[in-house]
Structures are given as structure tokens and as C-alpha cells.
Amino acid sequence: MRQKTLCINLGYGGGCVYYANNLIKYLTVRKEVWISRYSEEPYENADRKLCVAGGLRSMLWQTLFVLPWYVLKLNVALLMRRYDRLVVFGPHNWDCVFLFIFRIWRKKAYYVVHDGIMHAGEEDRLHQLLITAGMRAATHHIFLSRNVQKMAVRQLGISRPSVIVPHGVINYASGAAEVRRFSDKPCLLMIGRINYYKGIDLLEQTFPLLNFSEIGELVIAGKFAANISRPDVSVYSKVTVVDKWLSPEEFDHYVRRCDFLLMPYLEATQSGIAAVSAGYIKPAVVSRVGAMEEQFGSAAYYIPELTPESLANTIHAAISDPEEYIRKQEAIRHLSAELSWPALAGKLSDYLNSAQ
1102 MRQKTLCINL
1112 GYGGGCVYYA
1122 NNLIKYLTVR
1132 KEVWISRYSE
1142 EPYENADRKL
1152 CVAGGLRSML
1162 WQTLFVLPWY
1172 VLKLNVALLM
1182 RRYDRLVVFG
1192 PHNWDCVFLF
1202 IFRIWRKKAY
1212 YVVHDGIMHA
1222 GEEDRLHQLL
1232 ITAGMRAATH
1242 HIFLSRNVQK
1252 MAVRQLGISR
1262 PSVIVPHGVI
1272 NYASGAAEVR
1282 RFSDKPCLLM
1292 IGRINYYKGI
1302 DLLEQTFPLL
1312 NFSEIGELVI
1322 AGKFAANISR
1332 PDVSVYSKVT
1342 VVDKWLSPEE
1352 FDHYVRRCDF
1362 LLMPYLEATQ
1372 SGIAAVSAGY
1382 IKPAVVSRVG
1392 AMEEQFGSAA
1402 YYIPELTPES
1412 LANTIHAAIS
1422 DPEEYIRKQE
1432 AIRHLSAELS
1442 WPALAGKLSD
1452 YLNSAQ
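Numbers given in my numbering equal positions in the sequence shown, counted from 1, plus 1101.
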């Protein structure tokens, strides 16, 4: 019997799960898929759903009493020559366990590395140690950007054979993306998990410098991290803050009605919101950090400096030039074609079949 590629994705939701689901869907290799039973966006053709949920107590109990059962079953399957390689779509605290098992059996173990190093404001020493352990256990790495690939070598001292498979387009709606006409009262949107490194404080400091008579609405939508305070928008009638986890339908609603995405990041390895820009044909105002230029190319408005004045000037320039808006949309269209999921999965399939 021909052996299979085991694909494991234990995430619960968000961009990492979206990335995994779409690549797995279009992979042309013979595969078996394991996911979390509690995934909010489950892969519809999963072969096995593992009992792994969030929360410290649940994770501790499952690691002590449930994980050993999966380890035993996996070793039996490897003894029976069921799998010839592993692809782990991280990050999850159990990733390194499965990678180590395949390494012990002298099988190829591929690890998808989204960030490699945790962002400022998100530091979790244990989680960082587990990510690093997973990267060391893997025989091959799958990076989403050259920026993270270089960082893994420079800052972590870890080098493995690797391939770059960027994040494909994100669009939660069915059908083609709607291309909006330039509006003289545009809607500006910051969306996703709201963390310190995404520049929420910088955006708040920019409010007094914005001419809100030229703006229809400015929306900040997404769950704020526990250590982040909501901005005080009481004196800004056109600023709306939606502090909650967004369902795919809610995410789609907010992105569809906006004209510009705001990404004044203080740091970034790569960003799933860049894939949202490509998926919905939404021009973005972004900072020149991390892999932003690598992801966007000419399809974004770049903030020269990370200051409130520079951000305000970039926003005003973007919302006052309809011809440049059309050019950005066209550049995003070309970018979107390059980031189709079948093409990216084909690249990964070729790498899995050819990697030594």
C-alpha cells in the first residue's frame, strides 16, 4: 500500500487555520488529515478529530492523559508503514511532539513556520520554547515569507531545507471580490486580533491629526488582547470600536464595506491581513516593517515613518487621490492572481515530492 502524507492542523481558527485548510484542500499528494475536534473552522474532509482544546487546565489534562494515546496510535501507524512524511501546520503546543516522533522514525517532517519569533506584547516563554523545539525537530521548514526564513537563521540559529509558500488570498464570501469605486467619504478599517505590535496606540495618537470631514467612518474591529486598552473615542463620532471575536460572516461584513485597510504595524513577520487585501481587492495603508513590502510590492500605500504625523499624512494622501486608488486596485488584482490557493498548493506539492 502506498504511504500517505500525514497533515496535522490543531489550530482553532483565524488566519493560520485558513491557510492550512486551503493548502490541504488543494494538495495533490495522497494525504490523511488530523484536526482539533474543537476547531471553529474545521477542515470538512478531516480523517481524524483530536480531543485538544484551549485553556490551561484543559490543555494540561489532555497533555498528560490524551496526548500519550495519540502518540501510541501514531507509533503503531508508523510501524505499519502507513505514513512516509508529516506536515504540521502550526502553531500549537503539541506540534513538536509529532515532529519528534517522525524524526525518531527517520521520516521527513515538515513544519509550517508562520512567525518563528513571537511579537512584542505577545511574549510567552513556554510557547516560544515549543515553537523553537518544533523548528529544531523538523527536517524541513515551510515559511510564509523570506523575512521569517532569514530571521530563523539569524535570531534562532536554525537552518533547514525550506520553501516559501506565502499566504494565499483570504475571502470569506462566495464569488468574486467586489471592486469598489473611489469614495469621497471612505471607510477606513483596522481588523483582526488587536495587539500592541499592530500599532493601535499609534493609530489612536493619529486621531487628532485626521480631518474627519473627509472620512466617512473609521472602524477598529477585532478582539483586543488582554494587555491592550481600548482607545478613547468618545469625542470622535466617526470612530467605531468593535471589541469581539469576529465570525467569518462578521469579518466579511466589515471588510466588504470598507475602502481602505489600516496596517500601521510597529513590527511584522508577515501578515494575514495582507492576504485579506488581496482577497477583497482593498488597498491598504501599511508600514515598512518585516515582510510588508515583500507581501504587497507596489499594491499598498506605505507610511514613511512610524509617527502619528506620517500616518495621518499617508492616510490623507490615499483618500484624496482617486487615480492612485485605481492603480492600487489593479496592482492588487495582479497580486491576487499570484496568490491563488491551487497555485500555492501545487508549489507545496511539488516541494514535498522533490525535497531530499
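Backbone N, C-alpha and C fix where the C-beta goes; we use that ideal spot for every residue, glycine too.
- F1199 counts as buried, since at least 16 other C-beta atoms from the protein chains shown sit within 10 angstroms of its C-beta.
- Under the DSSP assignment, K1209 falls in the beta strand (DSSP E) whose first and last residues are 1209-1214.
- Taking each of S1246, S1372, L1257, T1164 in turn and checking the Cα distance to I1271, the smallest one comes out for S1372.
- Between H1215 and L1179, the C-beta gap is not smaller than 8 angstroms, which leaves the two residues out of contact.
- Between I1292 and G1269, the CB-CB gap reaches or exceeds 8 angstroms.
- The Cβ atoms of L1187 and G1217 lie no closer than 8 angstroms to each other.
- Annotation for N1176: the continuous alpha helix (DSSP H) segment containing it runs 1168-1180.
- Between P1409 and T1307, the C-beta spacing is below 8 angstroms.
- Contact between A1419 and V1377 does not hold, since their C-beta atoms are separated by about 17 angstroms, which reaches or exceeds 8 angstroms.
- Following the DSSP letters along the chain, one finds S1137 inside the beta strand (DSSP E) bounded by residues 1132-1137.
- Under the DSSP assignment, L1347 falls outside any beta strand (DSSP E); it carries neither an H nor an E label.
- Under a 10 Å Cβ-count criterion, M1181 is classified as exposed, with fewer than 16 other Cβ atoms of the shown protein chains found around its own Cβ.
- The C-alpha of N1176 lies about 15 angstroms from the C-alpha of C1108.
- Straight-line measurement puts the Cα of L1303 at about 12 angstroms from the Cα of P1309.
- Note that the C-beta distance between L1111 and W1195 is below 8 angstroms.
- According to DSSP, residue pairing for S1263 in a beta bridge involves H1242.
- Judged by DSSP secondary structure, C1152 falls outside any alpha helix (DSSP H); it is assigned neither H nor E.
- Residue range 1105-1110 is occupied by the beta strand (DSSP E) that includes T1106.
- Between the alpha carbons of A1147 and E1133 lies a distance of about 7 angstroms.
- Here R1138 really is in contact with L1151; their C-beta atoms are around 6 angstroms apart, less than 8 angstroms.
- Here the alpha carbon of I1243 sits roughly 26 angstroms from the alpha carbon of M1160.
- When C-alpha distances from A1456 are compared across P1405, K1208, G1380, the shortest belongs to K1208.
- Secondary structure remark: continuous alpha helix (DSSP H) runs of at least 4 residues inside the region 1266-1347, in chain order: 1301-1307.
- Going by beta carbons, Y1298 and E1368 fall inside the 8 angstroms limit.
- Spatial neighbours of A1253 in its own chain (CB-CB distance under 6 angstroms, excluding positions within 5 residues in sequence) are listed in chain order as G1217, I1259.
- Going by beta carbons, L1173 and L1445 fall outside the 8 angstroms limit.
- Cα atoms of Q1430 and Y1337: separation of roughly 29 angstroms, rounded to the nearest angstrom.
- In the pairwise beta carbon analysis, the region 1335-1355 is classified as touching the region 1273-1287: at least three pairs are separated by under 8 angstroms.
- Pairing L1128 with L1449 gives a Cβ-Cβ distance under 8 angstroms.
- Here the alpha carbon of L1436 sits roughly 28 angstroms from the alpha carbon of G1317.
- Apart from the 5 residues on each side of it in sequence, I1329 sits with its Cβ closer than 8 angstroms to the Cβ of G1222, I1295, N1296, Y1297, I1301 in its chain, given in chain order.
- For the pair V1320 and Y1355, the CB atoms are nearer than the 8 angstroms cut-off.
- DSSP lists no beta-bridge partner residue for I1205.
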